[in-house]
Amino acid sequence: MVYNVTKGSELPSNTANKKQLRKVFLDCDVDDNSVLTMEEIKNAFDRFGSIFPGFRAWRALKRADKNKDGCISLDELDNLIDYAYKRGYLNVG
Numbered sequence: 001m002v003y004n005v006t007k008g009s010e011l012p013s014n015t016a017n018k019k020q021l022r023k024v025f026l027d028c029d030v031d032d033n034s035v036l037t038m039e040e041i042k043n044a045f046d047r048f049g050s051i052f053p054g055f056r057a058w059r060a061l062k063r064a065d066k067n068k069d070g071c072i073s074l075d076e077l078d079n080l081i082d083y084a085y086k087r088g089y090l091n092v093g
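Using full-length UniProt numbering, the first residue of the sequence shown is number 1, and each one after it goes up by one.
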């Protein structure tokens, strides 16, 4: 189950939830090339239960894609996970 916590709420255990978010993002790397495309990120946010996964993926890409190549590499994955975590996407079961 995924929870989207409202702003200002206290977030549960940081480490366990970030590991779960990482697993979902990596599971969405369907071509297994260690790079997440916009579509793969959108699929992850869809799995998290986002109402607008396309918008959320676009915003996440803008925040996490430090080298501006249009995708998320393993070097940028922590930025993506932090973005999802701070927005309240918690994969807790």
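No residue lacks a Cβ here, since even glycine has one placed at the ideal position from N, Cα and C.
These figures come from a predicted structure and were not determined experimentally.
Asked	Found
Which residues mark the beginning and the end of the alpha helix (DSSP H) in which Arg47 is found?	Met38 to Arg47
Between the C-alpha atoms of Gly49 and Leu61, what's the straight-line distance to the nearest angstrom?	18 Å
So, are the CB atoms of Met38 and Ala64 less than 7 Å apart?	no
Would you mind sorting Ala84 into buried or exposed? The rule is 16 or more other CB atoms within 10 Å of its CB.	buried
Among Arg22, Cys71, Asn33 and Asp69, which one has its Cα closest to the Cα of Arg47?	Arg22
Can you tell me where the alpha helix (DSSP H) with Lys19 in it begins and where it stops?	Asn14 to Asp27
Just curious, the alpha helix (DSSP H) that Leu77 is in, first and last residue?	Leu77 to Lys86
CA-CA distance, Ile51 and Val35?	24 Å
Go through its chain and collect everything with a Cβ distance to Asn43's Cβ below 7 Å, but skip five positions before and after it.	Cys28
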